[in-house]
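Trainee:
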Amino acid sequence: MLDKSKNAIAALKRAKSVSNVIAESLEEIRKQIDDLKSAREDISSLPVAEEYAVSRAVQSVKMSIATAQQEVRSPSDFTLPPGSWQNQYTPRQDFGALVLAYLGDQIVEAVTAQVRQAYEDRPGVSAEDRENLLAANDHEILAAELMEESIIRQAEEQGFAIERRIDADPRAVLAHGSALP
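So the sequence shown is numbered by this note's numbering: it starts at 395 and just counts up by one.
(1) Would you be able to state if there are at least three C-beta pairs under 8 Å between the segment 457-465 and the segment 526-534?
(2) Would DSSP call Val-448 helix, strand or coil?
(3) Give a yes or no on whether the C-beta atoms belonging to Val-519 and Leu-430 are separated by under 8 Å.
(4) Which first and last residues belong to the alpha helix (DSSP H) in which Phe-489 is found?
(5) Starting from the Cα of Ala-451, find the closest Cα among Leu-540, Phe-554, Gly-553 and Ala-512 and give me that residue.
(6) Below 8 Å on the Cβ atoms is my guess for Val-502 versus Val-455; work out the distance and round it to an integer in Å.
(7) With DSSP collapsed to three states, give me the class of Val-415.
(8) What first and last residue would you give for the alpha helix (DSSP H) that runs through Arg-441?
(9) Relative to the C-alpha of Ala-521, which candidate in Arg-559, Ile-437 and Pro-564 has its C-alpha closest?
(10) Can you tell me where the alpha helix (DSSP H) holding Pro-564 begins and where it ends?
(11) With DSSP collapsed to three states, give me the class of Val-519.
(12) Nearest to Glu-557 by alpha carbon, out of Ser-470, Arg-565, Glu-542 and Leu-527?
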């Protein structure tokens with residue numbers, strides 16, 4: 395009877411040890427998955443390529459300049475004789491539009507310089523590079539999730555019940571056993 399008790403205690407210790415190994419393995423792989431998902435967010439939030447940002451900024455300012463030039467007086471309006479000038483002059487002009495209309499080129503240069511300065515500490519990526527980085531990251535996430543599923547299935551075969559993450563990739567959960575590492 396004593397031998398049976400000792401065997402039962404030894405079996406319980408082995409089961410706890412196996413349970414701890416499974417828990418540690420799952421914790422490690424789940425942390426890796428979280429890190430990869432965080433890296434995906436970082437990739438998604440990388441700024442666009444510098445030249446693309448400059449192009450956007452210049453286009454935006456030039457559109458504002460064109461609008462302002464339509465709103466403000468033409469330089470030829472200032473050449474009118476005194477009588478005509480008094481009939482046409484209305485002090486309703488927006489100073490910002492006036493500045494844009496007449497100093498637009500300097501504003502384009504200033505905005506371009508500001509955008510370029512924003513890229514000094516953090517480079518941007520092209521749309522193609524962003525897609526490639528995201529695809530590589532997604533591949534790593536799926537590989538990690540397949541590893542997690544493999545651990546869960548092995549634990550289930552040994553009689554341990556493991557809950558899957560609610561956000562587990564269905565491709566991993568439903569993967570054929572031959573697709574698992």
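Glycine included, every Cβ here is placed at the ideal spot set by N, Cα and C.
Keep in mind it's a predicted model, so treat the numbers as computed, not measured.
Mentor: The short version:
(1) no
(2) helix
(3) no
(4) 489-512
(5) Ala-512
(6) 5 Å
(7) helix
(8) Correcting the residue type first, residue 441 is Pro in the shown sequence and not Arg. First-last for Pro-441: undefined, no H or E at that position.
(9) Ile-437
(10) 564-567
(11) strand
(12) Glu-542
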